[in-house]
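For the sequence shown, the residue numbers in our numbering are 0 to 424.
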Amino acid sequence: MAMVIGGIFSVCYVFLVGFVGLVLSLIIYHFLPLLLINLGSSSSSNSLVVPKGNFGWPLLGETLAFLKPHTSNSLGSFLQHHCSRYGKVFKSHLFFSPAIVSCDQELNYFILQNEDKLFQCSYPNSIHGVLGKSSMLVVVGETHKRLRSLALTLVTSTKLSPDYLNDIESTAIQILASWKGKHQVTFCEEARKFTFNVIVKQVLGLTPEDPQTTKILEDFLAFMKGLISFPLYIPGTPYARAVQARTRISTTVKALVEERRRSIGENKSNKKGDFLEILLSVNNLSEDEKVSFVLDALLGGYETTSLLMAIAVQCLGQSPLALEQLKKEHHNIRSLKKKDEYLNWEDYKKMEFTQNVINEALRCGNIVKFVHRKAIKDVRFKEYLIPLGWKVLPVFSAVHLDQSLHDDALQFHPWRWEVIYFIYL
């Protein structure tokens, strides 16, 4: 009996020591960065300090509160509370890292202007797992510069194609024609259908009727659902489905790339000069990087563009004056064209109020609320110190909805951009 009791006490002792060790580790991990910074600041000859704030709970910090859903035309309770208590720049503990959150226009601009000099991309590991190690969203340094330069080249080359605008207009007309006889449509879903059809046509040369298009769409929807899900790789979870969907999309894209390469090799007249063909001609990218590049193109155009369209339509529905002016602008341009004549770049350049509507929808909709960056050295900005290795989150929505920067910031008012253009000119 004594041996049994002794064994139980031994197990309890080991468990207790392990538990205490775990708690101490979490506390040290959570508060050590702040302690070191405070010690460093007290011995420093200047008055720079880490912004005020709160680290929240051990390990999780304030991540759950930061990510709490809220309407796109509001800051949400987390940012409202922290900005009112600590100011537009504050510290926190987010995504398992000490972090500086910026709702300040000047600091946000400073962060973006010093990409790869003082800051670099630092998305959570779960994003890396879904997007892949070669995605332009996660690579840094020279690799990121090379991919970004290639993206600009490809976009410019594609836009110069005479079929580019014609394909987009044809797709839009087809979508609108499919609404005939329907009493109701779900516009957000229709916008997603439109943008996906445009992107796969421009990037992969596929039409909605091609069997690969349906296959890619099914996998892409699973991919999107798991992109920002909890990173738990267990069969059946959204994250696991997203990783598996990316693998299937990669396989499909590789097959399309090989088919196009073989077609060009067999007959030079099969050259189309499109996005995929230009990508194939790039010699300083591996096959995996080319596949990731295609996925980035699909991701970058699909969700953001369709959401912007949906937000613009919603805002116009609540602003009859803006809708009427937009329709008038389009009718005037259309009246100068022949019956079946496509629009061209010169026509789009005349759509000044349309551009104002797009700008205002972007401001009000806040499709991309913030981005992930990391300080690659100690950064000094005004009276603040941003420590090396800390995550930095410039929050764009806070600037877009800042009442000190925009009159009636919560209102959809596309005419505000006319004033900006007038001042600029």
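All C-beta atoms in this analysis are idealised placements derived from N, C-alpha and C, irrespective of residue type, glycine included.
Coarse secondary structure for residue i, derived from DSSP in three states
i, result
"W178", "coil"
"H92", "strand"
"I7", "Confidence at I7 is low in this model, with a pLDDT of 43, below 50, so the placement of that residue is unreliable and no value is reported for it."
"A408", "coil"
"W416", "helix"
"E114", "strand"
"Q104", "helix"
"F54", "coil"
"P425", "Since the displayed the chain opens at 0 and closes at 424, residue 425 lies outside it and no answer follows."
"P393", "strand"
"F77", "helix"
"P161", "coil"
"Q402", "coil"
"I99", "strand"
"Q119", "strand"
"F109", "helix"
"A367", "According to the sequence shown, residue 367 is Val rather than Ala. V367 falls in the coil class under three-state DSSP."
"V137", "coil"
"V48", "strand"
Span separating the alpha-carbon of residue i from that of residue j
i, j, result
"V138", "V197", "27 Å"
"R191", "Y163", "19 Å"
"Q211", "N72", "37 Å"
"M135", "V293", "10 Å"
"L404", "V398", "8 Å"
"I99", "P237", "29 Å"
"S249", "L205", "16 Å"
"E288", "N355", "36 Å"
"V394", "R261", "46 Å"
"L153", "E276", "10 Å"
"S169", "F95", "47 Å"
"A309", "Y301", "12 Å"
"Q104", "E208", "46 Å"
"V252", "E328", "40 Å"
"G55", "P97", "10 Å"
"D377", "N113", "13 Å"
"S318", "E265", "56 Å"
"F65", "L59", "11 Å"
"A360", "N331", "23 Å"
"T506", "C363", "The chain is shown only over 0 to 424; residue 506 falls outside these bounds and no answer can be derived."
"A408", "E286", "46 Å"
"H80", "P50", "15 Å"
"R145", "L151", "10 Å"
"W416", "A311", "15 Å"
"K336", "H69", "44 Å"
"L218", "K67", "Note on residue identity: the sequence assigns Asp, not Leu, to residue 218. Going by the C-alpha atoms only, they are around 27 Å apart."
Contacting residues, own chain, Cβ-Cβ under 8 Å from residue i (five flanking each side not counted)
i, result
"V242", "G128, V129, G225, Y232"
"R259", "G204, L275, E276, L279"
"S42", "For S42, the predicted model reports a pLDDT of 43, less than 50, meaning its position is unreliable; a value from the coordinates is still stated below. Closer than 8 Å at Cβ, skipping near neighbours: no residue."
"T303", "I366, V367"
"F109", "F380"
"L147", "One point to set straight first is that residue 147 is Arg, not Leu, in the sequence displayed. The residues are M135."
Extent of the continuous beta strand (DSSP E) to which residue i belongs
i, result
"P386", "Per DSSP, P386 belongs to no beta strand (DSSP E) and is neither H nor E."
"C187", "Segment 186-203 is the alpha helix (DSSP H) holding C187; no beta strand (DSSP E) there."
"K373", "372-374"
Alpha helix (DSSP H) segment containing residue i, residue limits
i, result
"V378", "No alpha helix (DSSP H) holds V378; the beta strand (DSSP E) holding it covers 378-380."
"K289", "286-316"
"K348", "344-348"
"K451", "Any answer about residue 451 is impossible in this case: the structure gives the chain only from 0 up to 424."
"K327", "319-334"
"E351", "351-364"
"F274", "274-279"
"N124", "124-130"
Beta-carbon contacts of residue i that lie in its chain and below 6 Å, excluding the five residues immediately before and after
i, result
"G52", "Y85, F89, K90, S91"
"L255", "L203"
Residues near residue i by beta carbon distance below 7 Å, same chain, minus five either side
i, result
"A374", "L117, F118, I385, P386, L387, G388, W389, V391"
"S291", "G131, S133, S134"
"A221", "R240, A241, A244"
"W178", "V184"
"Y122", "L136, V137, H371"
"G299", "none"
heavy atom of the ligand SAH below 7 Å from residue i C-beta
i, result
"A360", "The ligand SAH is absent from the structure shown, which contains no ligands of any kind."
Complete beta strand (DSSP E) runs within the region 235-269 (minimum length 3 residues, chain order): none
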